[in-house]
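Undergrad: Before anything else, here's the structure in question.
2 protein chains.
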Amino acid sequence: MRIGIYGYGNLGRGVECAAYVAEDCELVGIFTRRDPKTVSSAFGTAVYSSEELSSMADSIDVLILCGGSATDLPEMTPELAEKFSVVDSFDTHKEIPAHFARVDAAARAGGRLALISSGWDPGLFSVARAYASAVIPNGCDYTFWGRGISQGHSDAIRRIDGVLDARQYTIPVESALRRVRGGECPTLSAREKHKRDCYVVAREGADLARIEREIKEMPNYFADYDTTVTFITEEELLREHSGMPHGGSVIRNGVTGRNAEHTHTVEFSLSLDSNPEFTGSVLLAYARAVYRMRKRGEVGCITVFDVPPVMLSPLSREEMIKSML
Amino acid sequence: MRIGIYGYGNLGRGVECAAYVAEDCELVGIFTRRDPKTVSSAFGTAVYSSEELSSMADSIDVLILCGGSATDLPEMTPELAEKFSVVDSFDTHKEIPAHFARVDAAARAGGRLALISSGWDPGLFSVARAYASAVIPNGCDYTFWGRGISQGHSDAIRRIDGVLDARQYTIPVESALRRVRGGECPTLSAREKHKRDCYVVAREGADLARIEREIKEMPNYFADYDTTVTFITEEELLREHSGMPHGGSVIRNGVTGRNAEHTHTVEFSLSLDSNPEFTGSVLLAYARAVYRMRKRGEVGCITVFDVPPVMLSPLSREEMIKSML
Numbered sequence: 001m002r003i004g005i006y007g008y009g010n011l012g013r014g015v016e017c018a019a020y021v022a023e024d025c026e027l028v029g030i031f032t033r034r035d036p037k038t039v040s041s042a043f044g045t046a047v048y049s050s051e052e053l054s055s056m057a058d059s060i061d062v063l064i065l066c067g068g069s070a071t072d073l074p075e076m077t078p079e080l081a082e083k084f085s086v087v088d089s090f091d092t093h094k095e096i097p098a099h100f101a102r103v104d105a106a107a108r109a110g111g112r113l114a115l116i117s118s119g120w121d122p123g124l125f126s127v128a129r130a131y132a133s134a135v136i137p138n139g140c141d142y143t144f145w146g147r148g149i150s151q152g153h154s155d156a157i158r159r160i161d162g163v164l165d166a167r168q169y170t171i172p173v174e175s176a177l178r179r180v181r182g183g184e185c186p187t188l189s190a191r192e193k194h195k196r197d198c199y200v201v202a203r204e205g206a207d208l209a210r211i212e213r214e215i216k217e218m219p220n221y222f223a224d225y226d227t228t229v230t231f232i233t234e235e236e237l238l239r240e241h242s243g244m245p246h247g248g249s250v251i252r253n254g255v256t257g258r259n260a261e262h263t264h265t266v267e268f269s270l271s272l273d274s275n276p277e278f279t280g281s282v283l284l285a286y287a288r289a290v291y292r293m294r295k296r297g298e299v300g301c302i303t304v305f306d307v308p309p310v311m312l313s314p315l316s317r318e319e320m321i322k323s324m325l
Numbered sequence: 001m002r003i004g005i006y007g008y009g010n011l012g013r014g015v016e017c018a019a020y021v022a023e024d025c026e027l028v029g030i031f032t033r034r035d036p037k038t039v040s041s042a043f044g045t046a047v048y049s050s051e052e053l054s055s056m057a058d059s060i061d062v063l064i065l066c067g068g069s070a071t072d073l074p075e076m077t078p079e080l081a082e083k084f085s086v087v088d089s090f091d092t093h094k095e096i097p098a099h100f101a102r103v104d105a106a107a108r109a110g111g112r113l114a115l116i117s118s119g120w121d122p123g124l125f126s127v128a129r130a131y132a133s134a135v136i137p138n139g140c141d142y143t144f145w146g147r148g149i150s151q152g153h154s155d156a157i158r159r160i161d162g163v164l165d166a167r168q169y170t171i172p173v174e175s176a177l178r179r180v181r182g183g184e185c186p187t188l189s190a191r192e193k194h195k196r197d198c199y200v201v202a203r204e205g206a207d208l209a210r211i212e213r214e215i216k217e218m219p220n221y222f223a224d225y226d227t228t229v230t231f232i233t234e235e236e237l238l239r240e241h242s243g244m245p246h247g248g249s250v251i252r253n254g255v256t257g258r259n260a261e262h263t264h265t266v267e268f269s270l271s272l273d274s275n276p277e278f279t280g281s282v283l284l285a286y287a288r289a290v291y292r293m294r295k296r297g298e299v300g301c302i303t304v305f306d307v308p309p310v311m312l313s314p315l316s317r318e319e320m321i322k323s324m325l
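Chain order of the listed sequences is H and D. Residues in the first sequence are numbered consecutively from 1, following the numbering used here. Residues in the second sequence are numbered consecutively from 1, following the numbering used here.
Below you can see the structure in the form of structure tokens.
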């Protein structure tokens, strides 16, 4: 399959890395809205201006969209889904139904297949929720994120006056995780589920007490959580906090039995050294599915719920039955 | 969907329990090779002789086959797949391709859809292996079972002279589990992965030392494992070991990055109070998928790899997108 990558930030690089090692995949090019001369590929992939994309529709089987969910994808995915089969990682949960409808209309108009909201959450975590709730309908669901870097929360800290740089780790509260893993179905507030750990580089002479207060009182982002703020040097930030680890767990506790006397716990968890590289790998697997399902004649918008596992694997169905079933 | 259950042992009762609470499911009857008068349903489901089944093909949408993999299913599934859409839990891993071929031929001849090897292993664990290997192709896989009752190993102990009853727990070796969860890819022998814990009720006056030796030296079943044998009374066995808990974990460690410098761990784990009730719930979810996929015109034999998550859920696709994606 011939793959194009649209957008070359962390996620675009992650997809490139995955495509580079996949044997069934030819990487046609990276498409950027920046000047292509200023962008150099880590793996020597050709870099084109996004304006050249429309003339290359015949040489790309699936275009993987690596823009952000806030402003890029809401426009990018519907626009490109008319000319290309696409995969995106749109992750603004409450906007997904509206995004789905727009992308579906565009893909149908162009006779293409589009898969939205891939990655790990939404994506593999959604799949885990679907399987777990289908097999034990009578139960309760929990998602814990972390320990991992939240880009949005790190950015929010960086916007505070006097802050030069920052990293924020989202961390599940151990005692909550233990209760849920033990089969309980507690009602948990935001504060009871996650805590937030911030590493901040402040400008020399900045009022550290004010910065710490502004972080801890920031509505939505930090006010509802137990938050720790640690001021460190830029060197320490680069040395200790330049990775992009993430992960988390989807846990469902459900009951069966005449009197609901048997409890079952289903857990799917991820521990990732590099969030963008793992997400890029997931996007490439779903691009493979889109490629195959389009060849079978499917059009419109689909999600991870519509994709059978057999479509994701580079192995044949027979090999999968033999080696994994 | 109208469901029939063929075979009424522990698994058949587990399916009945799941079908009883599923709102989209009508339980037509239990079919048994025993005298139906000797079988009484826990939920008041009608019990028929298996001989009556052939006249009821029009009133059953999916027949769930709850026989054993050793002798029942190899004959039962191909035979019934010609007249019914069926789901089975055939779990003799190395015989699956041959079973698949026989069932596929029968289902195609009759224009039916059959799904084999459902449950949790094979079944949900297979699905977990498929997703994990598709998204991180460069990696290693591990499956740990337990802590849980192994029926086959318990039966093997019961066949020893002087043994009245026995329960065998398969238990993952903690240190191995910890290494794998930590991202390592060690080569592990059978002994290094699992240990076996046996609770045995011996006949009065039996030679306990001989029984213990015969257990520990039994080839395939125990000789390759660290095995503990504890002699207990029948009362204690019934009081402490009459449940059927099981579970386990599928773990894949994989790497990404230019120099494979980033490690990712994907884990799917189950902790089950009742193995047959959970397995029965999984079989019912896959029966729902068979019902829907048959209506879409699919015939032949399929496995869990062919089923998209959307087919398993009692929720609509729109509800799933809204609540789980």
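Heads up, the beta-carbon is just placed ideally off N, CA and C, and yes, glycines get one too. All figures in this text were calculated on a predicted structure; none of them were measured in a lab.
State buried or exposed for residue 222 of chain D, treating a residue as buried only when at least 16 other CB atoms are found within 10 Å of its CB.
TA: Counting from one through the second sequence, the residue named residue 222 of chain D turns up at place 222. Its Cβ being crowded by 16 or more others within 10 Å, residue 222 of chain D is buried.
Undergrad: Cα separation between residue 176 of chain H and residue 245 of chain H?
TA: Within the first sequence, numbered from 1, the residue matching residue 176 of chain H stands at position 176. Within the first sequence, numbered from 1, the residue matching residue 245 of chain H stands at position 245. As the crow flies, the alpha-carbon of residue 176 of chain H is around 21 Å from that of residue 245 of chain H.
Undergrad: Any beta carbon from chain D within less than 8 Å of residue 84 of chain H's own beta carbon?
TA: Along the first sequence, one-based indexing puts residue 84 of chain H at 84. It does not: the Cβ of residue 84 of chain H has no partner Cβ on chain D nearer than 8 Å.
Undergrad: Which stretch, first to last residue, makes up the beta strand (DSSP E) that contains residue 302 of chain D?
TA: In the second sequence, residue 302 of chain D corresponds to position 302, counting from 1. Its beta strand (DSSP E) spans residues 300–302.
Undergrad: Distance cutoff 8 Å, beta carbons only. Does residue 257 of chain H sit that close to anything in chain D?
TA: Counting from one through the first sequence, the residue named residue 257 of chain H turns up at place 257. Yes, residue 257 of chain H lies at the interface with chain D (some Cβ there is under 8 Å from its Cβ).
Undergrad: Within 8 Å, do at least three Cβ pairs link the segment 31–46 of chain D to the segment 240–257 of chain D?
TA: no
Undergrad: Under 8 Å, do residue 64 of chain D and residue 272 of chain D count as touching if we go by C-beta distance?
TA: Residue numbering aside, residue 64 of chain D sits at position 64 when the second sequence is read from its first letter. Residue numbering aside, residue 272 of chain D sits at position 272 when the second sequence is read from its first letter. Not a contact, by the Cβ cut-off of 8 Å.
Undergrad: List the residues of chain D that residue 273 of chain H touches, going by C-beta distances under 7 Å, in chain order.
TA: On the first sequence, residue 273 of chain H is found 273 positions in, with the first residue counted as 1. Here the neighbours are 262, 263, 264.
Undergrad: Is there at least one Cβ from chain H nearer than 8 Å to residue 326 of chain D's Cβ?
TA: Here chain D has residues from 1 to 325 only, and residue 326 of chain D is not among them.
Undergrad: For residue 73 of chain H, count neighbouring C-beta atoms within 10 Å of its own C-beta (all shown protein chains included) and say buried if the count is 16 or more, exposed if not.
TA: In the first sequence, counting from the first residue as 1, residue 73 of chain H sits at position 73. Residue 73 of chain H is buried by the Cβ-count criterion.
Undergrad: Kindly say whether residue 92 of chain D, judged by its beta-carbon, lies nearer than 8 Å to any beta-carbon of chain H.
TA: By 1-based counting over the second sequence, the position of residue 92 of chain D is 92. For residue 92 of chain D, not one C-beta of chain H is nearer than 8 Å to its own C-beta.
Undergrad: Is residue 238 of chain D helix, strand or coil when you go by DSSP?
TA: Within the second sequence, numbered from 1, the residue matching residue 238 of chain D stands at position 238. The answer is helix: DSSP assigns residue 238 of chain D an H, G or I state.
Undergrad: Leaving out five residues on either side along the sequence, give the residues of the same chain with a beta carbon under 7 Å from the beta carbon of residue 330 of chain D.
TA: An answer regarding residue 330 of chain D cannot be provided, because it is not within the stretch 1 to 325 covered by chain D.
Undergrad: What distance in whole Å lies between the Cβ atoms of residue 279 of chain D and residue 14 of chain D, which are believed to be in contact at a cut-off of 8 Å?
TA: Within the second sequence, residue 14 of chain D is the residue found at index 14, counting from 1. Within the second sequence, residue 279 of chain D is the residue found at index 279, counting from 1. That pair is a contact at about 6 Å.
Undergrad: Under a three-way DSSP split, which group does residue 46 of chain D fall into?
TA: The residue you call residue 46 of chain D lines up with position 46 of the second sequence. Looking at residue 46 of chain D - three-state DSSP - the assignment turns out to be coil, as it is neither helix nor strand.
Undergrad: So which of H:248, H:99, H:172, H:263 has the shortest CA-CA distance to residue 227 of chain H?
TA: Stepping through the first sequence from its first residue, residue 227 of chain H is reached at position 227. It is H:172 whose Cα lies nearest to the Cα of residue 227 of chain H.
Undergrad: At a CB-CB cut-off below 7 Å, which residues of chain D make contact with residue 144 of chain H?
TA: Position 144 of the first sequence, counted from the start, is the residue given in the question as residue 144 of chain H. Within 7 Å Cβ-Cβ: nothing; residue 144 of chain H doesn't reach chain D, min ~13 Å.
Undergrad: Less than 8 Å separating the beta-carbons of residue 6 of chain D and residue 39 of chain D?
TA: Stepping through the second sequence from its first residue, residue 6 of chain D is reached at position 6. Stepping through the second sequence from its first residue, residue 39 of chain D is reached at position 39. No.
Undergrad: Please tell me whether, using a cut-off of 7 Å, the distance from the CB of residue 195 of chain H to the nearest non-hydrogen atom of the ligand COA is below it.
TA: As for the ligand COA, it is missing from this structure, which has no ligand bound.
Undergrad: With distances taken Cα to Cα, identify the nearest neighbour of residue 186 of chain H among H:266, H:140, H:286.
TA: Your numbering for residue 186 of chain H matches position 186 in the first sequence. That would be H:140, whose Cα lies nearest to the Cα of residue 186 of chain H.
Undergrad: With 16 as the cutoff for other CB atoms within 10 Å, does residue 288 of chain H come out buried or exposed?
TA: On the first sequence, residue 288 of chain H is found 288 positions in, with the first residue counted as 1. With 16 or more other Cβ atoms within 10 Å, it is buried.
Undergrad: By the three-class DSSP mapping on this structure, what secondary structure does residue 20 of chain H have?
TA: Residue 20 of chain H sits at position 20 when you count from the first residue of the first sequence. Of the three classes helix, strand and coil, the one that applies to residue 20 of chain H here is helix, per DSSP.
Undergrad: If you measure from the beta carbon of residue 202 of chain H to each beta carbon in chain D, is any gap under 8 Å?
TA: By one-based count along the first sequence, residue 202 of chain H stands at place 202. No, because no Cβ of chain D sits closer than 8 Å to the Cβ of residue 202 of chain H.
Undergrad: Comparing alpha-carbon positions, which option in D:213, D:324, D:111 lies nearest residue 161 of chain D?
TA: Start at 1 with the first residue of the second sequence, and residue 161 of chain D comes out as number 161. Considering only alpha carbons, the answer is D:213.
Undergrad: Using only the alpha-carbon positions, how far apart do residue 281 of chain D and residue 312 of chain D sit?
TA: The residue labelled residue 281 of chain D in the question sits at position 281 within the second sequence. The residue labelled residue 312 of chain D in the question sits at position 312 within the second sequence. Approximately 11 Å, taken between the alpha carbons.
Undergrad: Let me know if residue 155 of chain D comes out buried or exposed under the rule of 16 or more other beta-carbons within 10 Å of its beta-carbon.
TA: For the purposes of this step, residue 155 of chain D is identified with residue 155 of the second sequence, where counting begins at 1. The residue in question, residue 155 of chain D, is exposed, as its Cβ has fewer than 16 Cβ neighbours within 10 Å.
Undergrad: Thinking C-beta only, is residue 144 of chain D closer than 8 Å to residue 242 of chain D?
TA: If you number the second sequence from 1, residue 242 of chain D lands on position 242. If you number the second sequence from 1, residue 144 of chain D lands on position 144. Cβ distance not < 8 Å, so residue 242 of chain D and residue 144 of chain D don't count as in contact.
Undergrad: Taking the alpha carbon of residue 102 of chain H as the point to measure from, which residue in H:27, H:75, H:124 has its own alpha carbon closest?
TA: Here residue 102 of chain H is taken as the residue at index 102 of the first sequence, counted from 1. Checked all of H:27, H:75, H:124; the closest Cα to residue 102 of chain H is H:75.
Undergrad: Is there at least one Cβ from chain D nearer than 8 Å to residue 322 of chain H's Cβ?
TA: Position 322 of the first sequence, counted from the first residue, corresponds to residue 322 of chain H. For residue 322 of chain H, the answer is yes, since a Cβ of chain D falls inside 8 Å of its Cβ.
Undergrad: What is the rounded straight-line gap between the Cα of residue 320 of chain D and the Cα of residue 310 of chain D?
TA: As a first step, residue 320 of chain D is located in the second sequence; it is residue number 320 there, counting from the start. As a first step, residue 310 of chain D is located in the second sequence; it is residue number 310 there, counting from the start. Whole-angstrom Cα-Cα distance: 8 Å.
Undergrad: Between the Cα of residue 57 of chain H and the Cα atoms of H:112, H:69, H:150, H:269, which residue gives the shortest distance?
TA: Position 57 of the first sequence, counting from 1, holds the residue named residue 57 of chain H. Comparing Cα positions, the closest option is H:112.
Undergrad: In chain order, which beta strand (DSSP E) runs of at least 3 residues are fully inside the segment 247–295 of chain D?
TA: 262–272
Undergrad: Any residues in the segment 28–53 of chain D with a beta carbon nearer than 8 Å to a beta carbon of chain H? Which ones, in chain order?
TA: 42, 43
Undergrad: Quick check on DSSP: helix, strand or coil for residue 217 of chain D?
TA: For the purposes of this step, residue 217 of chain D is taken as residue 217 along the second sequence, with counting starting at 1. Three-state DSSP puts residue 217 of chain D in coil, outside helix and strand.
Undergrad: Considering only DSSP beta bridges, list what residue 226 of chain H is partnered with.
TA: Walking along the first sequence from the start, residue 226 of chain H turns up at place 226. In DSSP, residue 226 of chain H forms a bridge with H:195.
Undergrad: So which residues of chain D does residue 303 of chain H contact, with C-beta pairs closer than 9 Å?
TA: As a first step, residue 303 of chain H is located in the first sequence; it is residue number 303 there, counting from the start. Chain-order list of chain D residues neighbouring residue 303 of chain H: 310, 317, 320, 321, 325, by C-beta distance under 9 Å.
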